[in-house]
Each structure stands twice: as structure tokens, then as C-alpha cells.
Amino acid sequence: MRIGDFRASYAHDESLWPTRVQRAWLGVLALALIAFPFGANGYQVSLACMLGIHVIAAAGLNIMTGYTGLISLGHAAFMGVGCYTAAWFAQRGVPFFATLPLAGATAALLGMVVGLPSLRIKGLYLAVATLATQFLVVYVFREWDSVTGGVRGVNVPNASLGGFELLNDQRMYFLIAPVAVALLVAARNLFRTRVGRAFIAIRDKDISAEVLGIHLLRYKLAAFAIGSFYAGVAGALLGYFYRAMTPEYFTLQLSIFYLAAIIVGGLGSMLGTILGAVFMTLVPELLRGVVAGIAQWAPRATEILSPVQQVVFGLLIVGFLVFEPHGLLEIWRRVRRTFHLWPFRA
Amino acid sequence: MSQYDHPTDPFRRRVVGASLGAAGLAALPLHSAIAQSGEIVVGAAPPITGVFAFAGVGLHQGLGDYCEWRNTKGGVAGRKLRYIGEDSGYKMDQAMSVFKKIMGANKPPVFYGDSTAWAKAAAKEVSQLGTTLTSSPSFSSDLADPKNVPYYFMAGPTYTAMGEILLEYINRTSRGASRPAVAIVYSDTEFGRDPIPGIKAKAGALQIPIVQEIVTKPGAVDVSAEVAKLRRAKPDYVIFHGYVLAPIPEFIKQMRESGMTTTPMGTIWSMDKTTVDAMGAAGQGWMGVMPYRYSYDTKDAPTMQIIKDFAAKARPNMSYVPLFYTHGWLVGMIFSEVMERCLKAGKPLTGANMKAALESIDNWDTGGVTGLLASLKGHQIASGRIYTYDANTKLLEPASGWIKTA
Amino acid sequence: MSGSAFDWIALAEYSAIGLLSGGLLALIALGFVLIYKGTGVINFAMGEFMMLGAYFFYTANVMWRLPTLVALAITLAAVALVAALIERTVLRPLAGQPVISVLMATIGLASALHGGVDAVWGGANLEMPALLPRKPFTVGEILVPGQVVWSFVLAATIITAFTLYFRFSKTGVAMRAAASDPITAYVLGIDVRRTQALTWIFAGMVGAVAGIVVASMTSLSPALGGAALGVLAVIILGGLDSIAGAIVAGLIVGLIESLTAGYLGGKVRDIVPYVTVLVILLVRPYGLFGTRQIERL
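Next up, the structure:
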């Protein structure tokens, strides 16, 4: 039972994982992440890779929307920019440790352009502006044949380091997982800094923040840039993972997917990002597994049950919003509190 | 976020607890049955839900039913077929996820996907794995490429070949001194755009002028302005491609109402009887190219009769067997033929062996499904015939002989 | 295309079609505006209301073979019920929540409704009976399809009816009062919760009628809901809370879309609404007639 926090210095107070128990768990997690692909089958590894990509993209969106309050319905477009950039450079022989940052940087540039009007337009209007951007950027993907291959799409060569090619999902996992961990830690760290605190201030009340001397445009652009950077990196990893990409992937549905992930997971928290991404990735798989299981006894059932998944999913999202607006994070925190304060009630 | 924001009201807690419990129950792992030795798994990720749903259901049923029927005939070289098909929702990551799941759990030697996007994305992985032969509803010209996409085949001609068949027909049947004017209406998708360069090239070669080119969003849109544009171009024929139904009926209805006597034509996926029935009276005179026989055309076509009989027994509510079902059935036939040739030659079912077996299929009698004897050397079946729709009998009847393309 | 002279007839024809199609856009926009004005929410499930209305009508009219007016009445009642249910179970609990939660709730709802329709009626395209007379109107060489003209007439009638209702009827005025200042309205004895529910019911019914018309002009499928996204341009241009704005903006956007389709081709036509949105948001964020929002510390 944890009775209280004892912090003896500012540094200790600010540290990300202050207690020894937390650090021990982190070590266990690291070991589990490294050992995972050796014990799991191909399908599970590929799921883990997709999860990693989703986590990175959702983290970027959480930085923009959860921490800074800038609603973005165009996140998929930024991922697409990252993907096509990485593909373009990879086709010209640039190794992946250069294409990933380049993809992120290009997406960040576009993010800043999109974010420029954010001083004048806020809230719902900004959401609609990002929605419009989403459609426009995808239109560019389809028309700019010379760079993006138009509707035919692009082929992405295997990610390679020297001569070592990341041929299969197992090897991709060892690229995606470290990048995801690094970016998550970086994001968490961001909110210990002045920039991060400025973001939170802007979310809470941007006029007050401006009064306190926070340069709104600069920090809002920074939020867009950082969030889009994450999306760009996620998009690049997506391209390497699928090895071929068409513009039909980066739809409004995908942007909504990430928004749902962070809302269900918990806005304004990296743990919430992870929980939300896990939820959004695994629940459809579980639902499909249930349908496949039923289909073994009643083969005709697949046709009837498949659309029901979408209904269940939509209802889950609405259910979360109505009953637990702070998302899975709040449920997690309640569970933790129960354990910490046991035998007393939370 | 502060934990003092809202009091944890008991009703909310109970609901949350109950749903977590339900989620926990759902999380109990559901194992797929252990594959018995000797069974051959036929994997598929058909688009059972999503925008292609009615096609996907037909594909799913056709392929699955073929496997059932084949088992009653002793299976493939004595081994039974087991069909595992999971919905792809016509979404790429769902399709890839289903693909990886089935590949990981069952290692099927054959797999049927859901779209061009999937086929292209999976092509690399399939090449690298080298264990599986794939197909999908996509007839994209990029995919009929034995060198670069070695483990993919299509159960019909490419979209470009279909367009060429249409132009060939227009060329043969046009009389008079002036060349027939053709307009193309297509959807702004990979499906829609795929054959356009080839069609334009063929039109140029046949000296058929393309008087208008209209691109629309796929699916239901307001087409009044486009019809007005079309009317100005005064085409004799309009080729629609890249749609399954909408907005073709609206186009045709408005064209007729504005006095145009143009002949509308379509390609395979807009040629299903229920699709054309939905056009109502406007469907009169609808023409198009289709590589198969329709299920009611069983004369001298034993396979079509088998399909009709099996569907009547297994699915009594299905009064008409859609062309998607026929397509799925044919894909099952090709999969089985390839595997049978491999196994009978004593070779294991690997990608390379199956590719060789596929390319050895020449002058193959499909029992009437494809009209002519089929050849899969180029990983496609390059033949089809023109059908025309009679709104009175509500049937699509052949309007030409079987045409082979290069 | 005719010779070197500018084709004035073509321009006139595209413009006529554009302006008249704008009527239907204005009708859908009305649904959005009603909800925004009454409850401060952009309802991303509007397209799904349209789809639901069209499917209910199809069921009543085609599957159960009821006469058109009876089917219409049943549809409106059913959609009203669904809208009221949604308002009560989803929107009201989210009343104080940040804008993003409500946004996401309407999006999740849209997804659930979409899947529900897909599950019950299947994903196939279904053919709706033609409700509006199809005979084209010809003025000289200009030809406008009948449905376009009649949909404009229908939209105009409904919008006028609503405007009069809000202006002169007791409930209408109460709704406007509750929309503009809920607290004062409470004080004055107006049941604000009832007016909010009524707002959603009206918006649902408007959406249903628009959905039925769109479905009978094109075809019926679960993808019908996507039509509503393009209407966002209309409401942004007109102002999120202005009915007059919805009308004017509807006509303008319809015109622009038609001219783009005619002169630049169908592909560009699809992004025209979104380019419009961006331009307006940069130049005049509150639209032509929207109320300027003032933020206070």
C-alpha cells in the first residue's frame, strides 16, 4: 500500500519514473518487448508492428489535440505525406535512418502550413479546416503522378541498413518497436519542458496564455509541427511495413480512427495514447475472431455478423464518451488507486 | 487530468464494470480448429462488408461452395479442401490483417484477396514467402505480369483487355462513312483509371474518336452537370468503367430523358443481372463485356449446370446466381486445377511449382464458364463476349461471339 | 464543343443546374444549422440521418408496399424517434463536455448507424422509386433534368415553412430563445430540454426528407451518408448558425460545383467544396451570415 510520495529534490519530483518499483516494471516491460517476437507467431508480430505504428501516430495526435487542444481531422493526410516522402527517398537508395526523419520533417512542414490559420480559427472551425485539408492532400496524392504514382500507388523498397534488409515482419518489429518507444518517451518528456507546459496552457485557455506571455502562433505551429512529425514517421514506417501504398489508404476514416483512439484512451496522456491504440487495434481483431469462431459452427454466419462489428465498435466509442469521458486512462487509474490504497476504498 | 473532476457516480461505475467484464469474456482466445493432416486450406479475405459488399458476399459464397462441391467429388488428388474466408471490409489493413492471420495459422497454398490495393501490397510479401498462389477480384493490368507479380493470376481478362474488346465490337459493328464517336465515363479510383490509357491507345489504333472523357467520384453523386457535358459531345457509345452500379442508372436515365440515343456499355463488375435490373427501364439496350456465361445460360455448359444445381440445393433462397458467385467458383476451379497438376506430378505445393502449373494451363475446358478453352499462361484468361440487356425478359443475352484478346 | 465562339448556352445550362441543385444542398445544410443553433454541436451524423430516412422510406414504400404518403409519414415518425433517442441518451449526458468529445460522439454514432444499416439491409445498392417527376424542363436549348427543378421547389418549400415556423409559432420562438440564451429561457419558463430534443427531431426529419430525395435521384446504399460531408462547405460559407446563410451558401456552392464539373471535370468537382471551406475560413471564418463568437476570459 502506497501511503504517500516523498520527493527530496526538484529533479526527483520532475522525473518521469520516480519510484524504484516503476523503474523495475519498466525493465520488465523492456525485456518483454524484446523477447516478444521470438515467442509469438507471424500474425501476432504483424499485429504488434501495426500497433507500434498506430501508437506513434496516435501520440502525435494526442500532442496536437489532447495536450494543445487543436482538433485535427486530417491526421491521415500527414501520415500519407510521411509515407510518400519515405517511399520517394527509399527508391533513391536513402537508408531508413535518414528517410524516417525526412518523412517526419516533411510532414511537420505541411503541418505548420496547415496550422498557420489556427490563430484565427479555433475549435470546431479548425476541425473543419483540417477536414478540408485531409481531402485536399489526398487529392494531391492521387493527381501528382510523378511523385506519388497517382492512384496506382508506390512500391517501397525494403528498409535496409547497409546490406541487411528488413525482409519480414519480425525484423520490421525491431525497427518499429524502438522507434515507438523512443518517440513515446520523447513525447512524455516534452511535457516536462516549457514548450509542453505552454501547450497545456494553450489548451486550457489560450487567451490567458497569451496574456501570460506565451507567443500563441509560435507554440501552436510547434504543436502542429511536432504532431505532424510523429504522423510522418508513422506513415513512413507504414510504407516500409506494407511495402506498397495507395492513396486510398489515407482516408477520413483513418483520421477518425486515431481521434477515436486518443479519446477512448484518454486525452492528454501518453499512457492514454497506448491504451487507446491497443484498444482500437485489438478490439476489431477480437470481434473478428469471435465472428470467425461462430462461423466454424454456422458457416453462413459471417455474412450476417460482419457488419455488426462496425455497430459494436461505434457503440463502444459512444459508450466510452458517455460513461467514461476521460477514457481508459481513468479506468486504469482507478484500478491502480484501488491497489495502492487497498484495503481502503479508492 | 484531475481525478477530482467528476464524482464517480455509482451507475457509471457499474456500467463500466459490466462492459469490462464483457470485454474480458470476449478476450478469451478462440483457436481455429487444428488443421488435419492432408486437408488443403483455401484462404480468402472477401469484402463481405463495405462498399463492395454485395459482390463480396457472392465471391465468398462462390469460392466456399466450390470447395464444398469439390469435396463431394473427392477433393484435390484425394485431399479435402477447407475454405477459410474472413471479412476484409474492403479496407487494406483489415485485408492484410486477415491475410497474415490465415497465413500464420493455416499456411494455405492458395489465397483470394479483396482488391487491387491488397493484391499490390501483398505481392511483395507473397513473392518473398514463395508459398502461396493468390488471386482477387482485381483485373488490373499491372497485376497480369508473370515476371514482376509471379504468384498472382486473374480469372478473366485485364480491364484494359475488356475495354479493347468493347472497342473491337464497336469497330466491327459500325457502319457508315463516319467513325463512331465514343465517350468514356470512369471513376476516380485505381479500379476506374486502370484501363484508360490502354483504351485510348486502342481507340487511336482503330481510329475511333474519343469525344469526351468524364471522371466522377465512385458511388452515388449528382451527375446532372456531367450529363449536360456528355450531351454536348454527342457520342454514339459511352463506356462506363470503375463503377459497380451507381451512378450508371442515373446517367442513363438522364441521358435518355435528354433525348440522347447513345448506347451505354460497361465492363465486368457492372454486368451482374441484379445490377442491371436495378436500372429499370433505362437498362434497355445496356451492353457490356463479360468473360463468363450467366448462370441461366446452361446450354452446352456443364459447369454452369453444376453451379445452378448446387446453388439451388445449398442456397434455396438464391433464385439467381450472381456473376460474383460464378467468379468465385471459377477461381476455386483454377486453384484446384493448379494444385492437382502439382500433386499429380509429385511436386510439393510451393509458389514456384504452382506458378509453373498455372502457366501450363492451356486449352483448358472450364465446362462452359469461359466459353472458349482457357489459357492461363499470361496469368489471365484473355477472352470475353459482349452481352446486351433486354428489359422485357430481364436477361443479358450474348451479342457477339467469344472474342480473344492478345 | 462548338467552334471558337464562347458557348453561352452551356454556361447558362450549367449555371441553371448548379443553382437549382443548390436547393437540395441548402436543405441538408438546414439540418446542420438547426442542430448547431439549437445545441451548439456540429452533427457529423447528419449524413447518417439522411441514409436512415432513405432506408426507412424504402422499407415502408418498397418492401412493405405502402402508399407513398403513408410511407413518408412512417419514415418521419421513425426518424423523429431515433433522433429523440439519440439526443436523450448520447447528447444530453455529454452536455458540458469539451467540444471534441461531442464531436467524437456524433462520429461514433455515425459509424454505428452506418454499420447498423449495413447489417440490416445489406451493402448492396438498392433502387428507389422516382418520387419527383423526371421530365426535363427545356428553355430554348437549355435542358434541366426534372428532378433537379422539383428538388429545388421541395427544398424551398420546406425551408420557407421552417422560417415561418420559427418566426411566428410559439414553439418556434421558444426554440430560438433557448438557442440564443438557455439560462434566460429557463428563467422565463421555457423547457429548454424539450426544445433541444425538438431541434434534433426537426433536424432528423429534414435530413430524412433530403436523404429520400437524394436516394431517389441517385441510388440507395449505406454510402449515402458521405454526401453530407460536402455540405460542410455550405454551412461554413453561410455561417454555422444562420438559416439564411444556408440558403445563400447552398445556391453558391451548387453553382460553383456545377461550373467546375462542366469546365474542369469531375475530379476537381469533388474538392471544390473543401477548397471553398479553406478559403472562407481564412478570409471570413464566421461565414457570410454567421454570428461572430466573442471569447471572454
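Residue numbers (my numbering), protein chains in the order written: chain A, 1 to 346; chain B, 1 to 406; chain C, 1 to 297. The beta carbon of each residue, even a glycine, is placed where N, CA and C say it ideally should be.
- With respect to G285 (chain B), T267 (chain B) sits apart: the two C-beta atoms are not nearer than 8 Å.
- At a cut-off of 8 Å between C-beta atoms, Q91 (chain A) does not count as an interface residue with respect to chain C.
- Within its own chain, the residues whose Cβ lies closer than 7 Å to the Cβ of Y173 (chain A), once the five positions on either side in sequence are excluded, are P37, V45, A48 and C49, listed in chain order.
- DSSP places S383 (chain B) within a strand segment (E or B) once states are collapsed to three.
- By the neighbour-count criterion, in which a residue is buried when 16 or more other Cβ atoms sit within 10 angstroms of its Cβ, S178 (chain B) is exposed.
- Under the 8 Å criterion on CB atoms, R92 (chain C) is classed as non-interfacial with respect to chain B.
- Comparing alpha carbon positions, the residue from B:D188, B:L133 and B:G156 closest to F111 (chain B) is B:L133.
- The C-beta of I183 (chain C) has fewer than 16 other C-beta atoms within 10 Å across all chains shown, which makes the residue exposed.
- Contact between T148 (chain A) and Y84 (chain A) holds: their C-beta atoms lie close to 5 Å from each other, under 8 Å.
- In this chain, the beta strand (DSSP E) harbouring G85 (chain B) covers L81 to G85.
- In the structure shown, N317 (chain B) falls within a coil segment according to DSSP collapsed to helix, strand and coil.
- The Cβ atoms of L220 (chain C) and A54 (chain C) lie closer than 8 Å to each other.
- Take P180 (chain B), set aside five residues on each side of it, and the residues of its chain with a beta-carbon closer than 7 Å to its own are I170, S174, I208, D236 and Y237, in chain order.
- Under DSSP, D390 (chain B) shares a beta bridge with B:L395.
- Contiguous alpha helix (DSSP H) elements confined to the stretch 186-268 of chain B occur at 190-193, 196-205, 224-233 and 248-257, taking only those with 4 or more residues.
- Distance from the CA of A281 (chain B) to the CA of L19 (chain C), rounded to the nearest whole angstrom, comes to 29 Å.
- Taking 9 Å as the Cβ-Cβ cut-off, the stretch 270-295 of chain B approaches chain C at T274, T275, D277, A278, M279 and G280, given in chain order.
- Contacts between Q254 (chain B) and chain C, judged by CB atoms closer than 7 Å, involve P145 in chain order.
- The continuous alpha helix (DSSP H) containing A208 (chain C) extends over residues V192 to M217.
- One thing to note: S216 (chain C) has its Cβ within 8 Å of the Cβ of L131 (chain C).
- Chain C has a Cβ within less than 8 Å of the Cβ of R120 (chain A).
- Put simply, the backbone Cα of Y294 (chain B) is about 17 Å away from that of L373 (chain B).
- Around the beta carbon of K100 (chain B), a 10 Å sphere encloses 16 or more other beta carbons of the protein chains shown; the residue is thus reported as buried.
- Excluding five sequence positions before and after H75 (chain A), the CB atoms of its chain that fall closer than 6 Å to its own CB belong to L61, A231, S255 and Y258, given in chain order.
- In terms of Cα proximity to V214 (chain C), the closest of C:P93, C:I74 and C:L24 is C:L24.
- The beta carbon of S224 (chain B) falls within 8 Å of a beta carbon belonging to chain C, placing the residue at that interface.
- The Cβ of P307 (chain A) sits closer than 8 Å to at least one Cβ of chain C.
- Within the model, the alpha-carbon separation for W402 (chain B) versus R256 (chain B) is close to 30 Å.
- Distance between E48 (chain C) and G225 (chain C), taken at the CA atoms: about 5 Å.
- Not flagged as an interface residue toward chain A: D181 (chain C), since no C-beta distance is shorter than 8 Å.
- The stretch 173-180 of chain C makes contact with the stretch 21-41 of chain C; the number of CB pairs closer than 8 Å reaches 3 or more.
- Taken through DSSP and simplified to helix, strand or coil, F279 (chain A) comes out as helix.
- Counting other Cβ atoms within 10 Å of its Cβ, Q293 (chain C) stays below 16 and is therefore classed as exposed.
- Using a Cβ distance threshold of 8 Å, L126 (chain A) and F78 (chain A) do not count as a contacting pair.
- Per DSSP, reduced to three states, the secondary structure at I184 (chain B) is strand.
- In the DSSP annotation of this structure, the continuous segment of the alpha helix (DSSP H) that includes T148 (chain A) starts and ends at D145 to T148.
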